[in-house]
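Residue numbers (full-length UniProt numbering): 1 to 298.
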C-alpha cells in the first residue's frame, strides 16, 4: 500500500520471484533442436511466430519463424551483447533453418494486450508509473551501451509476474556510431511512435527512442489507446511538423504530461536522457507528486 513514505504495517507478504535460468555462456549459445518442445503458439513477433515451449524441462518463449539467416544473426548478436534485467533475456539459439531464438517466458504477454484486455485494465497510476520506470531503466542501459531500439512501444514490452516489465523485439535495434543511424531508403516504421526526424529523414538516435518513450507513456496512462486518436499516419506527420503535440490524457497529472512534452521536443538534443527519465519516474511520488491521492480511476 502507498503511505506517503511513512512506516506502515506490513499487510501482505512480498511475493517471491522465481529464479530465472542462466543463459548459456557466450561461446555456447547453440543448442540441439531436439532439446526444445513447442507447446502452444503465443502470437507473432518481429520475425515470425512466438511459441511457449520447454527447453531442458523449463518453460521458455521460442521464436521460430521465416526470418532470413542474416536477420536472425543481427537480432541474436544484439541480444547476446545486451544483458540487463529489464531486457528480455536470450537463452539459446538454433541457427539452422527453421531458426529458433529461445528467450525467457513472460507470463502476461505484451504490455499493450495486458493494458487493453488483461489485468492491466485495473492498474492505478502508481503501478503504471512504476512500469514506466522499469522500461526507462532498460532503455537507460541501451543508452549507455550506445544502441538504439527504433521500435519502442507497448506492443514490444513484455510483462511477467508481479508487473515486471522487460523490453523485447530487437529486430530493428542497431549499434550506432557518431550518435546517429540513417535507415535505408524504403524502411518501414510505426509512424505514430516515430520521431519526426526519423520518420521524415530516416535519422535515428537515442533521442528518437526518447520521443517513442513519450508516446509509450500515453499508452500506459490511457490503458493502450492508439496514439493520436482520429488521425491517420499522414495527418500525424503533418500536424507534428506544425507543432501539434497530444494533450494531457484524462486522469494524467500535468507533471507527467509535462515529461511527455519534454520527450517530444522538436530538437532531439533538447529531449531528456533515459537516465533522467528513469530517475524522474522512480522518484515521482516522493519528489514530484508527494501529495498524490488516488481517485476512482487513478
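Just so it is clear, CB atoms sit at the ideal spot from N, CA and C, and this is done for glycine as well. Here the structure is a predicted model, which is why all the values come from computation and not from measurement.
Start-end ranges of the alpha helix (DSSP H) lying completely within the region 51–139, minimum 4 residues: 69–81 and 111–117
Rounded distance between the beta-carbons of residue 140 and residue 281, thought under 8 Å: Residue 281 to residue 140, Cβ: 11 Å. No contact.
Beta-carbon spacing of residue 149, residue 212 below 9 Å: Pairing residue 149 with residue 212 gives a Cβ-Cβ distance under 9 Å.
Sub-9 Å separation of residue 162 and residue 294 beta-carbons: no
Under the three-state DSSP convention, the category residue 22 falls into: Low local confidence applies: a pLDDT of 49 at residue 22 is under 50, so the model's placement there is unreliable, with the coordinate-based value given in what follows. In the structure shown, residue 22 sits in coil (DSSP, three-state: anything other than H, G, I, E or B).
Residues bridged to residue 40 [DSSP beta-bridge criterion]: Answer is 52.
Residue from 154, 123 and 124 with nearest C-alpha to residue 136: Residue 136 has its Cα closest to that of 154, out of 154, 123 and 124.
CA-to-CA distance, residue 119 to residue 260, given in whole angstroms: Cα to Cα, residue 260 sits roughly 25 Å from residue 119.
Status (buried if at least 16 other CB within 10 Å, exposed otherwise) for residue 250: exposed
Reduced DSSP category for residue 170 - H, G, I as helix; E, B as strand; rest coil: Shown here, residue 170 sits in coil according to DSSP, grouped into three states, outside any helix or strand.
With 16 other Cβ atoms within 10 Å as the buried cut-off, status of residue 233: Burial call: exposed.
Residue 206 - containing alpha helix (DSSP H), residue span: 206–221
Proximal residues to residue 94 (C-beta, below 6 Å), its chain only, five neighbours per side dropped: Cβ within range, chain order: 33 and 100.
Stretch pair the region 220–237 + the region 188–201: three plus CB contacts closer than 8 Å: Taking 8 Å as the limit for Cβ pairs, the verdict is that the region 188–201 does touch the region 220–237.
Sufficient close CB pairs (3 or more, under 8 Å) joining the region 113–132 to the region 265–275: no
Residue 151, buried or exposed, once every other Cβ within 10 Å from all chains shown has been counted against 16: buried
Closest Cα partner of residue 334 within the set 108, 75, 245 and 216: In the structure displayed, the chain extends from 1 to 298; residue 334 sits before or after that span and is not available.
Inter-residue CB distance, residue 167 and residue 157 (contact presumed, cutoff 8 Å): 6 Å
Cβ-based neighbour list, residue 116, same chain, cut-off 7 Å, excluding 5 preceding and 5 following: 223 and 224
Outcome for residue 103 when other beta-carbon atoms lying within 10 angstroms are tallied against a minimum of 16: buried
Other residues of its chain near residue 30: CB distance less than 8 Å, five sequence neighbours each side excluded: Around residue 30: 92, 93, 94 and 95.
Residues bridged to residue 165 (per DSSP): 159
Burial state of residue 257, where buried means 16 or more other Cβ atoms lie within 10 Å: buried
8 Å CB neighbourhood of residue 381 in its chain, flanking five on each side removed: Absent from the structure is residue 381, since the part of the chain shown begins at 1 and ends at 298.
Outcome for residue 82 when other beta-carbon atoms lying within 10 angstroms are tallied against a minimum of 16: buried
Candidates 173, 247, 169 and 263: closest to residue 196 by CA position: 263
According to DSSP, residues forming a beta bridge with residue 30: 93
Residue 193 in three-state terms, based on DSSP: helix
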